[in-house]
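S.K.:
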Amino acid sequence: MGQRLLEVQGLTTVFDGPAGPATAVDGVDLTLDRGGVLAVVGESGCGKTVLSLSILGLVSPPGRVTAGRALLDGVDILALPEGERRTIRGRRASMIFQEPMTALNPVLTIGDQVSEPLRVHAGASRAEALAAAEAMLGRVGLPEPHRRLAGYPHELSGGQRQRVMIAMALMLSPELLIADEPTTALDVTVQGQILELMLDLARDAGTAILLVTHNLGVVAQTADDVAVMYAGRVVERAPVAAFFQGPAHPYAQGLLASLPRVDAPGRRLSPIPGTVPSLAALPAGCHFHPRCPHAFEPCSRQTPPLIALSGGRQARCWLHAS
Ligand SMILES: Nc1ncnc2c1ncn2[C@@H]1O[C@H](COP(=O)(O)OP(=O)(O)OP(=O)(O)O)[C@@H](O)[C@H]1O
Ligand SMILES: [Mg+2]
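The sequence shown begins at 15 in the numbering used here and counts up one residue at a time.
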């Protein structure tokens, strides 16, 4: 067991709407050790992005965190004043967003954006910061990094923008990186390459990663632990080997069974008949029960707790209640 870096406890995020608050993240508990990799998987709409944003205090209205804590080295990020949170996000924790264009500023040069963390948080001069940015852009495989410093995001391809995002996020060797499907916008042939690059750079820097991905092949190769989300809840947590040997929750089993090959590149998960419910119509009890091949009497009435099982697995499923 490594040293605990991140501990998320009971994190709950709602979106206020005309019909009242809708719960997108519902009492999520997670842990991530220093230098470790925790993969978060689940179909589209399960709450992975909202969870990622919530951990770093980045949810904006109509969304709000209504309960829970996100402890970084024992300090609750969410209880800090926004100024201190921003410092943590600059120095100790970074995020790579699902859609790079929303995270890059279209009117600032690449050089200014990638060098900003060094100037703002490490007190580097402009020249020093630009030199470091150029070196980092080279490491992430951006062609002609020197020339790119003066360029703008719209001049880059999707893959190049994603490389710039990775460079920015890793500029200060953060302790924590939250990478929200960092490659979904890309061609499958570059996806694996860029993920691998990100993971290598993070490993070199001792950075722990919370990796949101649809790619179970990547999970199998890189993660230490897996958390499976369904409709805002973590339904299974497990060490990666135990997970691939035999997931305990029927939803997790469905995700795995849907893969013809575990290394199927870039495949989006669409495993089990039916779809993730909308937040306005979450089924009672276990949210998965209408799609579950094993649903029985308690499932539609009561939410199961996370139940500890062999191999370090935990599953939120009545099948495992003794
Ligand atoms: N700004 C918002 N306002 C209202 N509801 C939202 C908002 N953002 C997200 N949601 C809802 O929260 C739920 C979780 O969304 P989220 O984006 O976290 O899913 P996801 O697991 O990241 O999906 P994907 O794999 O497609 O990225 C969804 O039901 C979504 O409709
Ligand atoms: Mg998402």
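Backbone N, C-alpha and C define an ideal beta-carbon position, used for all residues, glycine too. Fair warning: this is a prediction, and the values are worked out from it, not measured in the lab.
State the Cα-Cα distance for the pair H3 and L296, rounded to the nearest angstrom.
M.R.: Because the chain is modelled from 15 through 336, residue 3 falls outside the range shown and cannot be assessed.
S.K.: Let me check you understand the geometry: is the CB of Q112 closer than 8 Å to at least one non-hydrogen atom of ligand 1?
M.R.: True, at least one ligand heavy atom lies under 8 Å from that Cβ.
S.K.: Spatial neighbours of H308 within its chain, please: CB distance less than 8 Å, with the 5 preceding and 5 following residues excluded, ordered by chain position.
M.R.: Within the same chain, H308 has close Cβ partners P264 and L333.
S.K.: Is the distance from the Cβ of L25 to the Cβ of G82 below 9 Å?
M.R.: Against a cut-off of 9 Å, the Cβ pair of G82 and L25 comes out as a contact.
S.K.: From Q316 to Q174, what does the alpha carbon distance come to, in whole angstroms?
M.R.: Between Q316 and Q174, the C-alpha separation is close to 47 Å.
S.K.: Once the 5 residues before and after P75 are set aside, which same chain residues still bring their CB inside 7 Å of it?
M.R.: Correct list: empty, nothing qualifies.
S.K.: Could you give the C-beta distance for I192 and I69, rounded to a whole number, given that I count them as a contact under 8 Å?
M.R.: About 6 Å separates the two Cβ atoms, so the contact holds.
S.K.: If you draw a straight line from the C-alpha of L186 to the C-alpha of L170, how long is it?
M.R.: Distance between the alpha carbons of L186 and L170 is about 23 Å.
S.K.: Using the rule of at least 16 other Cβ atoms within 10 Å of the residue's Cβ for burial, across every protein chain shown, is R217 buried or exposed?
M.R.: So R217 counts as exposed.
S.K.: Can you tell me whether F6 is buried or exposed? The criterion is at least 16 other CB atoms within 10 Å of its CB, across all chains shown.
M.R.: This structure cannot settle anything about residue 6, because the visible part of the chain is limited to 15 through 336.
S.K.: Below 8 Å, is the gap between the Cβ of T197 and the nearest heavy atom of ligand 1?
M.R.: Outside the cutoff, so no.
S.K.: Taking L214 as part of the alpha helix (DSSP H), name the residues at either end of that continuous run.
M.R.: The amino acid occupying residue 214 in the given sequence is Asp; Leu does not appear at that position. Its alpha helix (DSSP H) spans residues V202 to A219.
S.K.: Within this structure, are the beta carbons of R177 and V202 separated by less than 9 Å?
M.R.: Contact: no.
S.K.: Use the C-beta contact count for T80: other C-beta atoms within 10 angstroms, 16 or more gives buried, fewer gives exposed.
M.R.: Classification of T80: exposed, given that the 10 Å Cβ count is below 16.
S.K.: In its own chain, which residues sit with a C-beta less than 7 Å from the C-beta of A294, not counting the 5 before and 5 after it?
M.R.: Once the five neighbours on either side are set aside, the close Cβ partners of A294 are A33 and A36.
S.K.: Can you tell me whether I180 is helix, strand or coil according to DSSP?
M.R.: Three-state DSSP puts I180 in a helix.
S.K.: Identify which residue in T27, L85 and A322 has its Cα closest to the Cα of V249.
M.R.: Among T27, L85 and A322, the Cα nearest to that of V249 is on A322.
S.K.: Report yes if the C-beta of T63 is less than 8 Å from at least one heavy atom of ligand 1; otherwise report no.
M.R.: Correct: T63 has its Cβ closer than 8 Å to ligand 1.
S.K.: What are the boundary residues of the beta strand (DSSP E) that L296 is part of?
M.R.: Neither: L296 is in no beta strand (DSSP E) and is coded neither H nor E.
S.K.: Which of the three DSSP states is assigned to V51 in this structure?
M.R.: Here V51 sits in strand by DSSP.
S.K.: Within 10 Å of its beta-carbon, does V121 have 16 or more other beta-carbons around it, so buried, or fewer, so exposed?
M.R.: Classification of V121: exposed, given that the 10 Å Cβ count is below 16.
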